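Using the working numbering, you'd call the opening residue of the sequence shown number 5 and step up by one each time. Shown next, in structure tokens, is the structure this report addresses.
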Amino acid sequence: MSALGRMAEPAEIARAIPALCGDDLGYMAGSTVLVGGPFGGGKMQMPPGFPARCSIGAPAACDSHSGRAYRAVMTGLDRPRRLRRTPALRRLVAETTLEPRQLVLPMFVADGLDEPRAIGSMPGVLQHSMDSLRKAAVEAVTAGVGGLMLFGVPRPEDKDATGSKASDPDGILNRGLRALADEVGDSTVVMADTCLDEFTDHGHCGVLSADGAVDNDATLHRYVEMALAQAEAGADLLGTSGMMDGQVGAIRRGLDAVGRTDTGILAYAAKYASAFYGPFREAVASSLEGDRRSYQQDPANRREAIRELQLDLAEGADIVMVKPAMSYLDILRDVADQSTVPVAAYQISGEYAMITAAAQRGWIDRRGAILESLIGIRRAGADMVLTYWATEAAHWLS
Ligand code: PBG
């Protein structure tokens with residue numbers, strides 16, 4: 005800053021520099037110029053449209069100045085491209101890493117299947133049978149993924165108003181968790197979706213009160229029962245995805261009361277009511293009519309995510325998650341900046357479907373787009389990313 009309390013105006017510099025330096029000194033828009041003179045000194049970017057007589061290269065200096073005029077030193081054109089020149093340089097300076105261990109694979113296990121079943125809106129993703137679940141889990145773990153997040157798809161006739169099968173040890177999700185714990189439990193982190201929506205006949209994430217609204221506190225009791233069954237089945241982490249107030253605290257207390265102090269909670273801290281969940285609803289054969297706007301967050305809100313984060317931390321979350329990922333990278337950055345626990349992001353079904361569909365049409369490069377989306381989510385602050393490409397990306401990365 006100058007003694008005048010301001011930087012030199014472009015027009016002042018424009019007048020001064022040619023007079024001082026003649027035609028030897030060039031400067032370009034975007035280059036940095038140090039300016040000195042009777043008012044002190046300062047540094048400024050040459051503005052766009054500034055007369056450009058370019059001598060690009062070595063820093064040029066000019067200090068032949070009159071008593072009351074300016075001294076200008078051109079510091080040379082900044083050349084960030086130097087560090088992009090070779091693959092080795094780029095690797096050396098890369099700020100963000102993407103490693104298999106940072107990827108978590110969401111998986112679906114469906115009741116009553118002998119063979120895995122394709123999901124139309126998520127080409128490449130399957131509803132697994134118990135057998136194919138085990139095989140896919142081994143493949144994922146062998147590829148090096150950091151963990152598996154399991155969702156259960158019950159038979160339609162097994163759904164009811166309170167989602168009974170969610171807490172039944174013989175419900176499909178708990179059977180699937182036991183299979184995963186048995187098959188890969190020693191070498192990966194087994195995670196369970198702790199939410200009722202797959203198991204309720206109305207498709208909501210909680211139980212309903214008489215007026216049809218989702219009853220927060222009655223739902224918490226069901227979540228605790230579900231959590232205990234999942235911990236019993238061998239889940240290391242419980243993914244509280246229902247967006248009920250107090251769910252993390254209720255589940256933490258419920259686990260601790262029976263001595264399950266080692267079972268952790270991966271809290272969906274900021275989960276938005278998103279149109280990008282569409283394909284997932286097919287994946288789990290959701291019965292939902294209507295929407296989840298009375299419990300999932302409004303996409304318009306940013307500050308609210310921090311409130312949710314703070315509550316989940318206070319209630320005992322071990323890991324916090326932001327979901328969806330790509331339309332919420334600002335939220336992810338906010339959460340990552342303030343969280344005292346590891347941060348996850350969920351690259352959801354609609355994000356998977358968009359890239360897959362565009363790639364199928366030849367409109368984008370599939371592998372490039374997948375890896376770029378994942379590095380972007382990591383760069384925004386996610387320590388780990390739930391992605392349906394976890395196994396495939398892990399193969400690419402190792
Ligand atoms: C709900 C739940 C949702 C997803 C996972 N669990 C969202 C919803 O149905 O509102 C979405 C996952 C995805 O879209 O990939 N408990």
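Even for Gly, the Cβ is constructed at its ideal location relative to N, Cα and C. No experiment lies behind these values; they were computed from the predicted model shown.
Given a length threshold of 4 residues, each whole run of the alpha helix (DSSP H) inside the stretch 65-145 is given here in chain order: 91-97. For the ligand PBG, no non-hydrogen atom lies closer than 7 angstroms to the CB of Q131.
Leaving aside the five residues that flank I359 on each side, the residues in its chain whose CB is nearer than 8 angstroms to its CB run, in chain order, I368, R370, A373, I374, S377. Taking each of L292, S290, L117 in turn and checking the Cα distance to I176, the smallest one comes out for L117. Distances from the alpha-carbon of A361 to those of S133, I310, D82, S125 put S125 closest.
Taking a C-beta distance under 8 angstroms as the contact criterion, L336 and V324 do not qualify as a contact pair.
Rounded to whole angstroms, F112 and L81 show a C-alpha spacing of 54 angstroms. Rounded to whole angstroms, the separation of the alpha carbons of A340 and R296 is 25 angstroms.
Pairwise C-beta distances place the stretch 238-247 in contact with the stretch 180-200, as three or more of them are shorter than 8 angstroms. For D316, the secondary structure class from DSSP, reduced to helix, strand or coil, is helix. For Q300, the CB falls within less than 7 angstroms of some heavy atom of the ligand PBG. Ranked by Cα distance from S353, the first of R311, N305, F284 is F284. In this structure, A274 lies near Q301, with their beta-carbon atoms less than 8 angstroms apart. Setting aside the 5 residues that flank it on each side, R105 is surrounded in the same chain by G148, G150, each with a C-beta closer than 7 angstroms to its C-beta; the list follows chain order.
Between D172 and D115 a beta carbon distance of about 11 angstroms is seen, past the 8 angstroms cut, so the two are scored as non-contacting. DSSP places T244 in the uninterrupted beta strand (DSSP E) bounded by 241-244. Membership of L390 in the beta strand (DSSP E) is indicated by the continuous run 388-390. Around the C-beta of L96, fewer than 16 other C-beta atoms lie within 10 Å, and the residue is accordingly described as exposed. Distances from the CA of V288 to each of G320, P84, P160, R85 were compared; the closest alpha carbon is that of P160.
When the Cα atoms are used, L200 and A271 turn out to be separated by approximately 15 angstroms. Remark: the shortest separation between the CB of D249 and any heavy atom of the ligand PBG does not fall under 7 angstroms. Assigned with DSSP and collapsed to three states, D215 falls in coil, not helix or strand. Here A329 really is in contact with A349; their C-beta atoms are around 4 angstroms apart, less than 8 angstroms. A residue is called buried once 16 or more other Cβ atoms fall within 10 Å of its Cβ, and G268 is buried on that count. Judged by the Cβ position, S402 fails to qualify as a neighbour of the ligand PBG at the 7 angstroms threshold, every heavy atom of the ligand being at least this far. The beta carbons of Q234 and T198 sit closer together than 8 angstroms. By a beta-carbon distance limit of 8 angstroms, L102 does not contact A394. Their separation comes to about 11 angstroms.
D249 is a Cβ neighbour of N220, given a cutoff of 8 angstroms. The C-beta of A144 has 16 or more other C-beta atoms within 10 Å across all chains shown, which makes the residue buried. With 16 or more other CB atoms across the displayed protein chains lying within 10 angstroms of its CB, S245 is buried.
Remark: the C-beta of Y281 is in contact range of the ligand PBG, defined as less than 7 angstroms to any heavy atom. Around the beta carbon of Q364, fewer than 16 other beta carbons sit within 10 angstroms, so the residue counts as exposed. For Y272, the enclosing beta strand (DSSP E) covers residues 268-275. Bounds of the beta strand (DSSP E) holding D197 are 193-197. Under a 10 Å Cβ-count criterion, V157 is classified as buried, with 16 or more other Cβ atoms of the shown protein chains found around its own Cβ.
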